[in-house]
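*Asks:* If you scroll down you'll find the structure; I have some questions about it.
Residue numbers (the working numbering): 728 to 807.
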């Protein structure tokens, strides 16, 4: 599986304790920025992204904020 990510998504993931351990295993920096891995690794990474989304991705009304929208798109892309 190969999923392309934006620089904004990457920056958010690099700053998060939940997802940072996965990045060295998943990042492929050529020809475009992407994450790539087997199904088990992608599933574990997706769970970490969901944990991060639940922690920082919503405003007081439980609507996705800017970070939440970036994370939701990445999670959706992982399961397409």
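All residues carry an ideal CB built from backbone N, CA and C; glycine is no exception.
Residue 791 bridges to which residues according to DSSP?
*Replies:* Along the chain shown, one-based indexing puts residue 791 at 64. 785.
*Asks:* Relative to the C-alpha of residue 756, which candidate in 733, 799 and 793 has its C-alpha closest?
*Replies:* Residue numbering aside, residue 756 sits at position 29 when the chain shown is read from its first letter. The residue with the shortest Cα to Cα distance from residue 756 is 733.
*Asks:* Along the alpha helix (DSSP H) that carries residue 734, what are the first and last residues, could you check?
*Replies:* Your numbering for residue 734 matches position 7 in the chain shown. It spans 734 to 741 - the alpha helix (DSSP H) in which residue 734 sits, taken as one unbroken run.
*Asks:* Report all residues from its chain with a CB closer than 8 Å to the CB of residue 778; omit the five preceding and five following residues, and keep chain order.
*Replies:* On the chain shown, residue 778 is found 51 positions in, with the first residue counted as 1. Excluding sequence neighbours, residue 778 sits near 745.
*Asks:* Would you call the segment 733 to 743 and the segment 793 to 803 in contact, with 3 or more CB pairs under 8 Å?
*Replies:* At 8 Å Cβ cutoff, the stretches touch.
*Asks:* Report back the beta-carbon spacing between residue 731 and residue 754 to the nearest angstrom; my notes put them in contact at under 8 Å.
*Replies:* Taking the first residue of the chain shown as 1, we reach residue 731 at position 4. Taking the first residue of the chain shown as 1, we reach residue 754 at position 27. About 11 Å separates the two Cβ atoms, so there is no contact after all.
*Asks:* Going by the beta-carbon positions, is the gap between residue 805 and residue 783 smaller than 8 Å?
*Replies:* Residue mapping note: residue 805 aligns to position 78 of the chain shown, counting from 1. Residue mapping note: residue 783 aligns to position 56 of the chain shown, counting from 1. It is not a contact, given that the beta carbons lie outside the stated cut-off.
*Asks:* Nearest to residue 803 by alpha carbon, out of 788, 780 and 787?
*Replies:* One-based indexing of the chain shown puts residue 803 at position 76. The residue with the shortest Cα to Cα distance from residue 803 is 780.
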